[in-house]
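In this note's numbering, the protein residues as written are 1493 to 1784. Encoded as structure tokens, the structure appears first; notes follow it.
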């Protein structure tokens, strides 16, 4: 008789490992759930009811749910920040900053135009340089020391205004992970009610336009693209863009190869983002899904 199977995200809740389906889905998509010795990254995966489940992530809560976005990026792109200096543009409460510190960053510059949002545990951490009330567009290399990685999570502004800043900050070789929010990149006529972009064609247009901008207007090369594991405000699908600057010999030819492959990569990630089970299925999305 075949063994009974259950959805992994549901089983995590039933066993009391996490408090909610949304928390389960976030941990699964962040690569923090191991089933019978193997990592599983799809919330809708059907597993044996008696399977062994282990969590590889930390038990404590992150500064914000946005942490799961960067966790996904670091894991997918194979980026290590241990012993490195990083800049978090759009730090807000500090989800990205928190992740970089927990992953061993030597120092994180937390930049935000707002004030008083950064979590207290980060504000009092000596490794965090708090740069509040700071317009990212005014930043210069002189404000930082030997930056390895710039992360970007901004709202109500296009990445076209911020990516050149990251390019400027990285004086030499470095990397950038930018959160692409289609609702702030698409034209006004392509954004639906409550600022939500649901049309997969618009998602594709946005990603193509951003990648073209990167290659034409900055010194970065697109190295990778991933779907954010959690939905943005009001249920917007978001994407994680991985960029490299100063790759050295063969950079021009590598950039051409990257452009050639980008259409295929974008199509693949759009398909992932719109697949029924990626964010936990239609029922979960109707209930609100995963949001930051």
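Built from N, CA and C at the ideal position, the CB exists for glycine as well. In this text, all values refer to a predicted model and were calculated from it rather than measured experimentally.
Counted within 10 angstroms of its Cβ, other Cβ atoms place residue i as buried (16 or more) or exposed
i, result
"residue 1541", "exposed"
"residue 1551", "Its pLDDT being 49, under 50, residue 1551 is placed unreliably in this model, and the value from its coordinates should be taken loosely. Exposed, by the Cβ-count rule."
"residue 1713", "buried"
"residue 1770", "buried"
"residue 1558", "buried"
"residue 1560", "buried"
"residue 1730", "buried"
"residue 1785", "A query on residue 1785 cannot be resolved here, the shown segment of the chain reaching from 1493 to 1784 and no further."
"residue 1531", "exposed"
"residue 1608", "exposed"
"residue 1768", "exposed"
"residue 1721", "buried"
"residue 1576", "buried"
"residue 1606", "exposed"
"residue 1497", "exposed"
"residue 1613", "exposed"
"residue 1556", "buried"
Candidates the options: closest to residue i by CA position
i, options, result
"residue 1546", "1527, 1611, 1573", "1527"
"residue 1581", "1597, 1515, 1692, 1601", "1601"
"residue 1502", "1496, 1517, 1766", "1517"
"residue 1727", "1717, 1662, 1673, 1755", "1673"
"residue 1479", "1729, 1636, 1578", "Residue 1479 lies beyond the range of the chain shown here (1493 to 1784); nothing can be said about it."
"residue 1637", "1628, 1664, 1616, 1505", "1664"
"residue 1655", "1766, 1711, 1626, 1529", "1711"
"residue 1509", "1768, 1495, 1524, 1497", "1524"
"residue 1635", "1660, 1695, 1646, 1686", "1660"
"residue 1703", "1515, 1568, 1671, 1593", "1671"
"residue 1567", "1556, 1583, 1548", "1548"
"residue 1572", "1595, 1652, 1621", "1595"
"residue 1620", "1583, 1696, 1633", "1583"
"residue 1755", "1696, 1622, 1515", "1696"
"residue 1707", "1513, 1652, 1675, 1759", "1652"
Spatial distance of residue i from residue j (CA atoms)
i, j, result
"residue 1705", "residue 1554", "33 Å"
"residue 1757", "residue 1717", "7 Å"
"residue 1506", "residue 1649", "41 Å"
"residue 1588", "residue 1535", "23 Å"
"residue 1709", "residue 1533", "35 Å"
"residue 1642", "residue 1679", "26 Å"
"residue 1698", "residue 1677", "6 Å"
"residue 1599", "residue 1570", "20 Å"
"residue 1742", "residue 1662", "Confidence at residue 1742 is low in this model, with a pLDDT of 47, below 50, so its placement is unreliable and no value can be given for it."
"residue 1647", "residue 1495", "47 Å"
"residue 1537", "residue 1723", "19 Å"
"residue 1640", "residue 1574", "10 Å"
"residue 1544", "residue 1624", "45 Å"
"residue 1632", "residue 1618", "22 Å"
Residue j beta carbon less than 7 Å from that of residue i
i, j, result
"residue 1732", "residue 1668", "no"
"residue 1611", "residue 1585", "yes"
"residue 1692", "residue 1766", "yes"
"residue 1657", "residue 1628", "yes"
"residue 1682", "residue 1694", "yes"
"residue 1645", "residue 1719", "no"
"residue 1666", "residue 1737", "yes"
"residue 1562", "residue 1522", "no"
"residue 1626", "residue 1603", "yes"
"residue 1500", "residue 1539", "yes"
Where residue i falls: helix, strand or coil (DSSP)
i, result
"residue 1712", "strand"
"residue 1580", "strand"
"residue 1700", "helix"
"residue 1631", "coil"
"residue 1657", "helix"
"residue 1722", "coil"
"residue 1563", "helix"
"residue 1531", "strand"
"residue 1614", "helix"
"residue 1705", "helix"
"residue 1506", "helix"
"residue 1599", "strand"
"residue 1621", "strand"
"residue 1645", "coil"
"residue 1737", "strand"
"residue 1662", "coil"
"residue 1692", "helix"
"residue 1475", "No information on residue 1475 is available, as it lies outside the stretch 1493 to 1784 that the chain covers here."
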